[in-house]
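Protein chains in written order, with our numbering: chain A, 9 to 333; chain W, 75 to 402; chain P, 4 to 328.
Encoded as structure tokens, the structure appears first; notes follow it.
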Amino acid sequence: MREITFIEAIREALRHEMSLDENVFVFGEDVGGFGGCFGVTAGLYQEFGPDRVLDTPISESAIMGAAVGAALMGLKPVPEIMFIDFTTVCFDYLTNQAPKVRYMCGGQVKKLPLVVRTTSGGWIRAAGQHSQSLEGWFTQVPGLKVVMPSTPNDAKGLLLASLRDNNPVLYIEEKALYGTAGPVPEEEYLIPLGKAEVKKEGSDVTLISYALMLHKCLEAAEQLAGEGVNAEVIDLRTLSPLDHHTLAASVQKTHKAVVVQEAYEMAGVAGQVVKSIMDHSFDYLDAPVKTVAALDTIIPFSPPLEDAMLPSTGKVVQAVKEILG
Amino acid sequence: MKPVGIIANPASGKDIRRLVAYGSVFDNNEKVNIVRRVILGLDSLGVRNVFFMPDFYGIGIRAMDGLDVSLEVCFLQMEPEGTQDDSTRAAQLMNELGVACIITLGGDGTNRAVAKTCRNTPVLPISTGTNNVFPAVVEGTLAGIAAGVTALNSASDPSFVKRVPRLEIRRSAQLVDMALVDVVVSEAGFIASRALWDVSKIREIFLARAEPENIGFSSIGGLLCGLTSDSGKGVHIIIGEGNCRVKAPIAPGLIRTVPIKQFRVFEPGEEIPISQTPAMIAVDGERELVVKQGDRLSVALNLEGPRVVDIALALRQASDKGLFFEPQ
Amino acid sequence: MELPKEKLLEMYKTMVAIRGFEESLADAVTDGTLPGFVHLGVGQEAVHVGVCSGLRSTDWISSTHRDHGMILARGADIKRMRAEIFGKATGYCKGKGGSMHLAAFDKRAPGCNGILGPSQTINNGIALALKKEGAGNIAAVIFGDGAAHRGEFHEALNLAACWKLPALAICVNNQFAISTCVDDVCAVEDIAARAAAYGIPGLVADGNDVMAVYEAVSETAKSIREGKGPALIELKTSRWRGHFEGDPQPYRTPEQILEDKKKDPIARFAGQLLEQGVATEVTLQALKKEADQELQEAIDFTDRSAYPSEEEMFTDLFYEEGRNV
Chain A
9 MREITFIEAI REALRHEMSL DENVFVFGED VGGFGGCFGV TAGLYQEFGP
59 DRVLDTPISE SAIMGAAVGA ALMGLKPVPE IMFIDFTTVC FDYLTNQAPK
109 VRYMCGGQVK KLPLVVRTTS GGWIRAAGQH SQSLEGWFTQ VPGLKVVMPS
159 TPNDAKGLLL ASLRDNNPVL YIEEKALYGT AGPVPEEEYL IPLGKAEVKK
209 EGSDVTLISY ALMLHKCLEA AEQLAGEGVN AEVIDLRTLS PLDHHTLAAS
259 VQKTHKAVVV QEAYEMAGVA GQVVKSIMDH SFDYLDAPVK TVAALDTIIP
309 FSPPLEDAML PSTGKVVQAV KEILG
Chain W
75 MKPVGIIANP ASGKDIRRLV AYGSVFDNNE KVNIVRRVIL GLDSLGVRNV
125 FFMPDFYGIG IRAMDGLDVS LEVCFLQMEP EGTQDDSTRA AQLMNELGVA
175 CIITLGGDGT NRAVAKTCRN TPVLPISTGT NNVFPAVVEG TLAGIAAGVT
225 ALNSASDPSF VKRVPRLEIR RSAQLVDMAL VDVVVSEAGF IASRALWDVS
275 KIREIFLARA EPENIGFSSI GGLLCGLTSD SGKGVHIIIG EGNCRVKAPI
325 APGLIRTVPI KQFRVFEPGE EIPISQTPAM IAVDGERELV VKQGDRLSVA
375 LNLEGPRVVD IALALRQASD KGLFFEPQ
Chain P
4 MELPKEKLLE MYKTMVAIRG FEESLADAVT DGTLPGFVHL GVGQEAVHVG
54 VCSGLRSTDW ISSTHRDHGM ILARGADIKR MRAEIFGKAT GYCKGKGGSM
104 HLAAFDKRAP GCNGILGPSQ TINNGIALAL KKEGAGNIAA VIFGDGAAHR
154 GEFHEALNLA ACWKLPALAI CVNNQFAIST CVDDVCAVED IAARAAAYGI
204 PGLVADGNDV MAVYEAVSET AKSIREGKGP ALIELKTSRW RGHFEGDPQP
254 YRTPEQILED KKKDPIARFA GQLLEQGVAT EVTLQALKKE ADQELQEAID
304 FTDRSAYPSE EEMFTDLFYE EGRNV
């Protein structure tokens with residue numbers, strides 16, 4: 009199968025959907041002729057024109073407001089918020105507006121097809137306000153789905169599914185994964201939202217993660233294999249709603265779990281995964297569930313400091329050893 | 075030397091005419107700048123006291139802020155309501171205070187409000203409204219200087235202060251209302267947003283001014299009769315098919331073909347009855363009077379309207395007298 | 004400006020109906036039978052009826068917490084409106100929105116947004132869809148003097164102007180944002196003056212005169228329909244009652260409130276109708292009687308209606324294909 013990059017996979021999904029449905033349109037800062045700050049939308053403006061790919065002023069509230077309004081009217085807007093760190097300035101739309109409008113009007117509006125694309129994560133030496141992983145905040149919003157792919161294959165399938173879901177979806181793209189390549193089918197395929205995937209089968213411990221940290225877990229699994237530990241690795245793929253079933257099936261098999269997130273230690277998805285395991289699989293556990301996360305501090309600029317603050321493969325391996333031992 | 079009064083209306087220029095015509099947006103900051111220039115002009119002529127009409131925007135306060143002048147400014151003792159009545163009340167107070175002249179910043183409407191109560195006090199109108207026939211487009215500094223000249227000559231009756239006519243609307247012998255430029259009678263309707271722009275509803279027009287270089291409804295009279303500003307005559311036009319059709323600039327950017335059934339020049343003093351009732355009467359561009367069925371109203375031209383300073387003539391005469399020459 | 008007699012009488016009746024509706028809610032607050040908060044628009048009837056009369060039924064109008072009257076003027080069902088305000092299942096939003104999220108989408112009235120600001124940016128999305136539809140409809144959004152200082156006011160106007168959207172922003176300046184007087188928190192005398200900053204027309208009109216409001220709105224709407232881009236109208240008016248019902252208004256003197264009541268838009272319109280010979284006292288009384296009757300029916304309907312069942316807590320949260328949501 010051909011291999012394409014994470015960026016190319018996302019772009020392919022967008023192109024595909026825009027070709028199929030003229031109501032789908034992309035907009036945000038610099039997404040047009042410039043092709044987006046990270047190049048994700050490159051070529052779309054040239055192909056679909058200014059009515060389908062729109063550049064906006066630096067006005068996240070205006071962008072998100074227009075997206076909600078357009079979705080209410082049956083269009084399929086795909087707004088881009090350049091960095092998840094900037095969702096703070098339009099937080100209201102991701103929490104009080106888009107997720108709530110259907111419910112609060114009692115279903116007078118049935119579909120709200122709104123996929124918000126944004127980028128996330130560190131490792132690019134962009135310091136405290138451009139490197140965060142804030143997905144955790146959004147998982148506590150009823151009415152909003154949160155999706156975070158780890159591979160180009162998943163990126164395409166999850167984006168297509170999100171675009172077809174008719175619900176508000178926050179689709180988060182880890183910047184550090186943009187250049188990574190992987191096999192991606194050329195045809196259309198949808199990966200269901202709310203379904204985790206066992207990326208590597210194992211028996212001795214379950215490693216649970218998503219996005220870039222998923223790859224750290226796979227690396228850790230390889231290292232651990234060399235030491236005779238057979239780790240199972242689960243990719244959450246959708247952070248909200250969580251796939252309790254897949255988590256339970258795995259932990260009930262391995263009896264041990266380590267959850268890894270790039271977000272700050274305090275709160276976040278990892279804590280909710282631990283709760284899920286406690287709720288469904290407590291009697292099966294041989295050890296406490298451990299978490300690995302970024303230290304509870306602000307992401308520093310200096311490269312060795314950033315590397316020390318964010319989770320590493322070594323820290324995952326260490327966590328496994330602590331519960332094995 | 076007598077004091078001078080300034081009435082700067084912050085309301086003019088923000089109504090529906092912004093939209094239905096292409097009137098300029100005269101924002102209040104610009105009015106502040108004009109008033110600054112006026113003050114500096116007044117100061118240079120030695121005017122010592124200036125009375126301001128207070129307003130919500132504080133045009134006077136802002137204009138004086140940081141201005142280095144010798145004259146003193148005083149605000150009239152009145153509570154502004156933000157309507158045209160403020161201008162009328164201010165003019166009355168200024169007249170009672172014996173100002174040498176009243177400088178106005180506004181359009182026809184503002185000046186009409188002032189003319190109701192200014193009596194013999196000369197008006198020096200600076201244009202900042204939409205439909206401007208009465209006030210002149212004049213630079214603020216020159217207006218201030220001309221006002222200063224007026225103040226210097228207030229004991230005499232200078233020839234650069236002229237009386238202009240006004241139209242008077244009467245019910246029997248009672249004066250009901252007045253206009254400085256035009257009285258437009260249209261089909262019955264609501265006063266609503268006051269502005270008038272729909273030609274199809276108009277029945278007849280009475281004009282105190284009818285020069286082709288006027289904007290607004292008086293342009294119709296100007297194109298038909300071509301009077302001069304000191305003609306001392308009025309024009310009465312009945313709208314409808316019959317006589318001719320005129321393409322006239324009835325508002326900034328709004329050129330409309332107006333069908334003319336009849337028109338004639340009329341003399342001052344002649345009372346012309348308003349033919350059809352019910353009706354709506356607009357004065358100087360604002361809908362103002364609801365005329366009920368059977369109501370007998372008439373329009374006449376009165377030459378004894380407000381006194382107005384001819385700025386160019388004032389400056390020329392002052393210059394001829396050597397007023398602007400400093401001793402060596 | 005040519006409104007037939009029937010329309011003028013209908014406008015009068017609607018104004019009277021709105022006053023009755025609002026005052027009946029005030030009674031309910033006094034009785035202790037109304038749950039939560041209501042923000043009554045008594046005194047602003049000219050705004051509600053003037054705006055709706057000046058727009059088409061195919062236009063969209065989003066409004067504020069003080070605009071029960073706007074939704075009523077759009078032709079919404081008074082029974083379902085009152086039921087919603089009392090949290091009954093027969094309400095427009097199945098009782099899940101209440102007064103602060105009252106909406107009648109079938110009348111193109113997305114209704115109230117509980118957060119000030121987003122309605123203005125969301126309106127742009129609606130306008131975008133209407134522009135694409137190409138049927139000459141426009142998207143109007145009502146907001147108060149307080150909301151004119153939110154960032155969204157600026158972001159929304161700027162984007163609407165840049166994209167030449169068929170959007171009409173209507174600021175209802177009733178001079179108070181809860182207890183804060185507009186003179187203290189607004190840097191300019193007229194909020195309409197801010198339109199100049201975005202290169203769009205800004206008009207001020209008398210919000211206590213229903214015909215002045217009608218004229219300003221209909222002329223502006225005509226201009227927007229002709230493709231001339233968005234516009235801002237400021238309607239100057241006042242509210243007679245507190246910010247929320249129960250607010251004793253210590254920030255205003257009784258004399259000031261009395262001055263406001265002298266500008267009663269209903270009395271003014273009645274006077275104009277009588278003066279013009281459009282109606283007689285008898286006609287006006289008959290219209291009021293009709294309105295009172297309809298209100299009583301709404302009160303009875305609300306009293307008879309049940310609360311929603313607990314299952315409704317989870318309906319309308321997400322759209323699910325194939326399920327009856």
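Glycine is no exception: its CB is placed at the ideal position from the N, C-alpha and C atoms.
Please state whether the Cβ-Cβ distance between residue i and residue j is less than 8 Å.
i: A217 (chain W); j: V143 (chain W); result: no
i: G3 (chain P); j: Q367 (chain W); result: Since the first residue of chain P shown is 4 and the last is 328, residue 3 (chain P) is not available in this structure.
i: V117 (chain A); j: F317 (chain P); result: no
i: L298 (chain W); j: P342 (chain W); result: no
i: P233 (chain P); j: A164 (chain P); result: yes
i: V258 (chain W); j: S292 (chain W); result: no
Starting from residue i, follow the alpha helix (DSSP H) in both directions and report where the run begins and ends.
i: S56 (chain P); result: 48-57
i: K164 (chain A); result: 160-171
i: S60 (chain P); result: That residue, S60 (chain P), is in no alpha helix (DSSP H); it is neither H nor E in DSSP.
i: F14 (chain A); result: 14-28
i: I66 (chain A); result: Here I66 (chain A) belongs to no alpha helix (DSSP H), and DSSP marks it neither H nor E.
Can you look up residue i in the DSSP assignment and give me helix, strand or coil?
i: P323 (chain W); result: strand
i: V328 (chain P); result: Residue placement at V328 (chain P) is poorly supported in this model, since its pLDDT is 44, which falls under 50; the coordinates still yield a value, given next. Correct three-state label for V328 (chain P): coil.
i: N238 (chain A); result: coil
i: R122 (chain W); result: coil
i: Y179 (chain A); result: strand
i: G322 (chain A); result: helix
i: D38 (chain A); result: coil
i: P233 (chain P); result: coil
i: S267 (chain W); result: coil
i: L247 (chain A); result: strand
i: S201 (chain W); result: strand
i: Y272 (chain A); result: strand
i: N317 (chain W); result: strand
i: G279 (chain A); result: helix
i: G114 (chain P); result: strand
May I have the straight-line CA-CA distance separating residue i from residue j, to the nearest angstrom?
i: E242 (chain W); j: D209 (chain P); result: 28 Å
i: V328 (chain P); j: L250 (chain A); result: Residue placement at V328 (chain P) cannot be trusted, given a pLDDT of 44 that sits under 50; what the coordinates show is reported in the next sentence. Their Cα atoms are separated by approximately 21 Å.
i: P150 (chain A); j: I18 (chain A); result: 26 Å
i: M156 (chain A); j: T147 (chain A); result: 12 Å
i: E235 (chain A); j: L201 (chain A); result: 35 Å
i: Q47 (chain P); j: C192 (chain W); result: 37 Å
i: G129 (chain A); j: N31 (chain A); result: 31 Å
i: R172 (chain A); j: C45 (chain A); result: 25 Å
i: D2 (chain A); j: T162 (chain W); result: Lying outside 9 to 333, the shown extent of chain A, residue 2 (chain A) is not represented and no answer is given.
i: N194 (chain W); j: M252 (chain W); result: 16 Å
i: A262 (chain W); j: G274 (chain P); result: 15 Å
For the beta strand (DSSP E) that contains residue i, what are its first and last residues?
i: T338 (chain A); result: The requested residue 338 (chain A) does not occur in the structure, where chain A is confined to residues 9 to 333.
i: V206 (chain A); result: 205-208
i: G180 (chain W); result: 176-180
i: Q248 (chain W); result: 248-253
i: N176 (chain P); result: 170-176
i: W145 (chain A); result: It is not in any beta strand (DSSP E) - W145 (chain A) instead sits in the alpha helix (DSSP H) that spans 143-147.
i: K335 (chain W); result: 328-340
i: N376 (chain W); result: 371-376
### Task
May I ask you to verify whether the stretch 237-254 of chain P touches the stretch 118-130 of chain W, counting CB pairs closer than 8 Å and requiring at least 3?
no
#### Entry: Touching by the beta-carbon criterion (3+ pairs, under 8 Å), the stretch 157-166 of chain A and the stretch 105-122 of chain A
no
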